[in-house]
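For the sequence shown, position 199 matches number 1041 in our numbering, and the numbering has no gaps at all.
Backbone N, C-alpha and C define an ideal beta-carbon position, used for all residues, glycine too.
Beneath this line is the structure, given in structure tokens, with notes to follow.
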Amino acid sequence: MAKVTAGVNAYNRSAAAEDPVNLFGYKWDINTMYQKGRHAYVFVSNFDYLKINEDDFLNFGLIHGRAIFDYDKPVNVETYVQYSFDNFRGLEPRWIIGSTFRYEAVNSQRLTLILGVGGLYEKERWFHPNDEDVIRTHFLKSSNYVSMRLSINDFVDLNMVNYYQVGYDREIEAFRNRFNGNLNLNTKITDRFSFTNSFEFSYEDKPIVPITKFIFAFKSGLSFDF
């Protein structure tokens, strides 16, 4: 199974001829899953880019690969690896490798609810926004999540996943907590095309560098299933 979502924004909208504002941006997501026998393999990628005049305002990307063993069983294990970057916030890059015990608490025709408990190793490189310092970190963290998929009717479905990750930093002698997740509402137009709305958020109580603790994004687009 695969789902591709893409969108492009481009315009020249200015208040004065001598002060033009040119905007260009794109977004694309690819979500795939392949199942053969007892195991399933998932690949996810997400890229956002926004340029205003000559300046890169937003440049974010994520590549994620996951293997789920004994996929059809209510209790199973998954392993994953992830690469991401967020140039505007100073993160380049973040590497994650981890494993999770999954429990399928509910599995009905309309509702699926999955709980995950596990751990990860995270390695990051941050660029300080106020000077030229480069900060490198690595942590062992507890990583847990809840995932839900609800078919409201034959045309509308809702899915969400929320993560909580926590690790102890010896340098500050305190725990660093991170919450992130996304909520997606899909409306079916045809057998192949859907209109999708998504809300994504991330919160870190003690960022490595002084950046905004809570960030979010609301996005709309067109999805093609094949």
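Reference residue i, options the options, closest by Cα
{"i": "Ile905", "options": "Ile956, Asp914, Phe889", "result": "Phe889"}
{"i": "Lys983", "options": "Ser1062, Ser941, Asn929", "result": "Ser941"}
{"i": "Asn995", "options": "Lys1048, Asn1024, Lys1030", "result": "Lys1030"}
{"i": "Val1008", "options": "Arg908, Tyr1045, Gln877", "result": "Tyr1045"}
{"i": "Arg908", "options": "Gln877, Asn895, Arg931, Arg936", "result": "Gln877"}
{"i": "Thr1032", "options": "Phe930, Phe1066, Arg1020, Ser1040", "result": "Phe1066"}
{"i": "Gly879", "options": "Tyr1005, Thr954, Phe911", "result": "Phe911"}
{"i": "Lys965", "options": "Val919, Glu860, Pro935", "result": "Pro935"}
{"i": "Arg952", "options": "Glu1015, Asn851, Val998, Ile894", "result": "Val998"}
{"i": "Ser1107", "options": "Arg1020, Lys1061, Lys1055", "result": "The chain is shown from 843 up to 1068; residue 1107 falls before or after that span and cannot be answered."}
{"i": "Phe885", "options": "Asp914, Lys893, Tyr925, Lys915", "result": "Tyr925"}
{"i": "Arg855", "options": "Thr847, Gly849, Asn864, Gly1063", "result": "Asn864"}
{"i": "Glu896", "options": "Lys1048, Pro862, Leu1000", "result": "Pro862"}
{"i": "Val923", "options": "Met843, His881, Phe930, Tyr963", "result": "Tyr963"}
{"i": "Arg931", "options": "Phe866, Asn1028, Leu900", "result": "Leu900"}
{"i": "Ser950", "options": "Ser993, Phe1037, Gly961", "result": "Ser993"}
{"i": "Tyr853", "options": "Ala882, Glu974, Met843, Ile894", "result": "Ile894"}
{"i": "Thr921", "options": "Ala947, Thr954, Lys915, Gly960", "result": "Gly960"}
{"i": "Met795", "options": "Phe866, Met843, Thr847", "result": "With the chain running from 843 to 1068 in the structure shown, residue 795 is simply not present."}
{"i": "Glu946", "options": "Pro916, Thr979, Gly958, Glu974", "result": "Pro916"}
{"i": "Ala1109", "options": "Asp898, Trp870, Glu860, Asp914", "result": "This structure does not reach residue 1109, given that the chain is present from 843 up to 1068, and the question cannot be answered."}
{"i": "Glu1013", "options": "Ile956, Phe981, Glu860, Asp975", "result": "Phe981"}
Sheet register partners of residue i (DSSP bridge)
{"i": "Ser926", "result": "Leu904, Arg936"}
{"i": "Ala844", "result": "Thr874"}
{"i": "Glu920", "result": "Ile910, Thr942"}
{"i": "Val948", "result": "Leu955"}
{"i": "Asp861", "result": "The partner list for Asp861 (beta bridge, DSSP) is empty, contrary to what the question assumes."}
{"i": "Asn851", "result": "Gly867"}
Start and end residues, beta strand (DSSP E) containing residue i
{"i": "Ile977", "result": "976 to 993"}
{"i": "Asn1024", "result": "1016 to 1030"}
{"i": "Gly961", "result": "953 to 969"}
{"i": "Ile894", "result": "881 to 894"}
{"i": "Asp999", "result": "998 to 1011"}
{"i": "Thr1054", "result": "Run containing Thr1054: none; DSSP gives neither H nor E here."}
{"i": "Asn1039", "result": "1035 to 1046"}
Neighbourhood of residue i by C-beta distance below 6 Å, restricted to the same chain and skipping five residues each side
{"i": "Ser887", "result": "Ile872, Ile905"}
{"i": "Phe902", "result": "Asp890, Asp928"}
{"i": "Arg1018", "result": "Gly1009, Asp1011, Lys1048"}
{"i": "Ile938", "result": "Gln924, Leu962, Glu964"}
{"i": "Val850", "result": "Tyr868"}
{"i": "Arg804", "result": "Any answer about residue 804 is impossible in this case: the structure gives the chain only from 843 up to 1068."}
Contact set for residue i: own chain, Cβ-Cβ below 8 Å, skip 5 residues either direction
{"i": "Val1003", "result": "Tyr987, Val988, Ser989, Met990, Gly1023, Asn1024"}
{"i": "Phe1056", "result": "Phe1043, Ser1044, Tyr1045"}
7 Å Cβ shell around residue i - same chain, five flanking residues per side excluded
{"i": "Ile977", "result": "Trp968, His970, Ile1050, Val1051"}
{"i": "Lys845", "result": "Asn873, Ser1065, Asp1067"}
{"i": "Asn918", "result": "Ile910, Phe911, Asp912, Arg944"}
{"i": "Leu933", "result": "Phe927, Glu966, Trp968"}
{"i": "Phe1037", "result": "Thr1029, Ile1031, Leu1064"}
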